[in-house]
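Everything on this sheet refers to the single structure shown next.
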């Protein structure tokens, strides 16, 4: 039996398409591909030895190779880093647990699904779940022996975790847009369509986690192919978002692929501007890695969006760098080949040329808090959830209990936002007072100060293995000090975006925040300034290795000057550039140039 791929599964690793009749394994060896490529090829469509590893009760971990494969199933192997010193001292294994991330296109769940997820949090997830910057939920600390039970509960709620992580098209985000019902419906539907169309077809997820029927070999094994992905899937992760102006809440320019709604006078979607090549991650000290804002590639009619989504992803599949994972994202592919060549290939695969991009305007990239009435007469309540952590806070908001109580009576749905907040959506007029009473009873927040309203933090310590510094546990205290500084200068109501991450992978999208903090080491952060309030421009490194107190002392005089010298309607990031404090970043390769304070 030959290992030759079907024509649809042939892949090219270094140059645009060729017709070399070689197998996937031969191509990987000849191209000297990254180790992850060999792991994927040998995995049997993402199976690896996961089924056997779950039966290894002597350890809470899985093998290193399976640790890469399990990401495609929507989870990461982690450990509690707070417990490492004590467990090492006692010569115990690390306190391993898994982070599980769901695939929830557009961030919409029913009240019934919310109740199931609440049960999972209480039973297996340490009485907490997290609304993430990917507009979905994560559970942390799921021990290996509870993985299959957790996955079965998720499946029973008609949800899954397939492709929430890994080298695939991940959870597709969409504008929550509570004010424009027609536009939200179109964005949500496109998010679902793209997610389902670009979903891996392997049966491994159901087979491993739900005891589904196993493919044992022979003809069935040959027939199980990935018609879009092939054996090696994508070179790296691929993120897709749908935005509806005037809000850029999904940060469309920070992602590999984006669709920006073009609306008519009745707020109906006539088509989509397509953006490509955005991405946040980089590596400290390696200037050939950088964040990048996406390019607007062109416009397509509404009915053609799906064909262009697949075309963009498959070009990246074939043209992306599979030797060096640090340069494997679509942003580097476009830098390498140029936007014109990339667009031409996308149009060829889609079988249709793109039209010129249509005009659009973004005014913010935050959420609308409090009550909003949609143009269909339905009501929506956006709650501020600090860092997206849905739990009962001692002497504070009872998010887990309160939202469960609301889910028990709510007649609409819930929407997660890309900024880690929760919308109690589609509330009938007659039920609004009852929802409001429950929000008040459990102390749930309908808003916060201007700085906090525009804040995001990644999880970082103690569970993320990549974190170099604190983030979620660090940012609230820093904002206390910054809010005091802003109030001193009369800026307490000024809308300023602030985001923190524990490492430069950029999960909280810090490089397009007006104030960005990126962990360098324990209590040390790079401070980035000068991004655009609407998420359309990157920031610039302003100060290196600052302590929290140094961050405050650095920003205070800038706040003072901004308060007296800003122009009407001018945002903080724009002012810093106009006043000559920081250089303007034009795009990715420019990100590491002209860094530091200019005066």
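In this note's numbering, the protein residues as written are 46 to 644. Every residue gets a Cβ at the ideal spot worked out from N, C-alpha and C, and that includes glycine.
For residue i, which of the options has the nearest alpha-carbon?
i: residue 452; options: 139, 118, 159 and 130; result: 159
i: residue 39; options: 86, 170, 640 and 222; result: Given that the chain is displayed from residue 46 to residue 644, the structure contains no residue 39 and the question cannot be resolved.
i: residue 226; options: 354, 402, 126 and 422; result: 422
i: residue 391; options: 416, 351, 444 and 490; result: 351
i: residue 625; options: 613, 633, 643 and 332; result: 643
i: residue 295; options: 439, 323, 371 and 550; result: 323
i: residue 185; options: 512, 448, 434 and 208; result: 434
i: residue 661; options: 540, 492, 534 and 545; result: Any property of residue 661 remains undetermined from this structure, which presents the chain solely from 46 to 644.
i: residue 470; options: 457, 480, 464 and 477; result: 457
i: residue 533; options: 602, 381, 554 and 584; result: 602
i: residue 455; options: 442, 463, 479 and 432; result: 479
From the DSSP output, which residues share a beta bridge with residue i?
i: residue 345; result: 317
i: residue 121; result: 144
i: residue 214; result: 283
i: residue 588; result: 572
i: residue 417; result: 425
i: residue 453; result: Paired residue(s): none; residue 453 is not in a bridge.
Can you name the start and end residues of the alpha helix (DSSP H) that residue i belongs to?
i: residue 595; result: 593-610
i: residue 545; result: Run containing residue 545: none in the alpha helix (DSSP H); it sits in the beta strand (DSSP E), 543-546.
i: residue 174; result: That residue, residue 174, is in no alpha helix (DSSP H); its beta strand (DSSP E) goes 174-176.
i: residue 242; result: 226-242
i: residue 129; result: 129-134
i: residue 387; result: 384-395
i: residue 495; result: 495-498
i: residue 138; result: No alpha helix (DSSP H) holds residue 138; DSSP gives it neither H nor E.
i: residue 200; result: 192-201
i: residue 207; result: No alpha helix (DSSP H) contains residue 207, which DSSP labels as neither H nor E.
i: residue 618; result: 617-623
Within 8 Å (strictly less), CB to CB, does residue i reach chain E?
i: residue 78; result: Of the protein chains in this structure there is only one, and it is not chain E.
Compare the beta carbon distance of residue i and residue j with 8 Å and say whether it is the shorter of the two.
i: residue 236; j: residue 303; result: no
i: residue 103; j: residue 141; result: no
i: residue 528; j: residue 561; result: no
i: residue 161; j: residue 232; result: no
i: residue 176; j: residue 621; result: no
i: residue 639; j: residue 338; result: no
i: residue 169; j: residue 133; result: no
i: residue 564; j: residue 509; result: no
i: residue 217; j: residue 239; result: yes
i: residue 496; j: residue 531; result: yes
i: residue 647; j: residue 181; result: The structure shown does not extend to residue 647, since the chain is modelled only from 46 through 644, so no value can be given for it.
i: residue 575; j: residue 629; result: yes
i: residue 483; j: residue 467; result: no
i: residue 370; j: residue 79; result: yes
Let me check you understand the geometry: is the CB of residue i closer than 7 Å to at least one non-hydrogen atom of the ligand MN?
i: residue 150; result: The ligand MN is absent from the structure shown, which contains no ligand whatsoever.
Would DSSP call residue i helix, strand or coil?
i: residue 299; result: helix
i: residue 639; result: coil
i: residue 558; result: coil
i: residue 255; result: coil
i: residue 107; result: coil
i: residue 430; result: coil
i: residue 292; result: strand
i: residue 581; result: coil
i: residue 331; result: coil
i: residue 152; result: helix
i: residue 538; result: coil
i: residue 516; result: coil
i: residue 435; result: strand
i: residue 566; result: strand
i: residue 262; result: The pLDDT assigned to residue 262 is 49, lower than 50, so where the model puts this residue is not dependable; a value taken from the coordinates is nonetheless given after this. In the structure shown, residue 262 sits in coil (DSSP, three-state: anything other than H, G, I, E or B).
i: residue 337; result: strand
i: residue 532; result: helix
i: residue 481; result: helix
i: residue 356; result: helix
i: residue 114; result: helix
i: residue 223; result: coil
i: residue 98; result: helix
i: residue 308; result: strand
i: residue 273; result: coil
i: residue 633; result: helix
i: residue 644; result: coil
i: residue 502; result: strand
i: residue 447; result: helix
Just curious, the beta strand (DSSP E) that residue i is in, first and last residue?
i: residue 83; result: Unbroken run through residue 83 is the alpha helix (DSSP H), 80-86; no beta strand (DSSP E).
i: residue 469; result: 467-472
i: residue 461; result: 458-461
i: residue 183; result: 182-187
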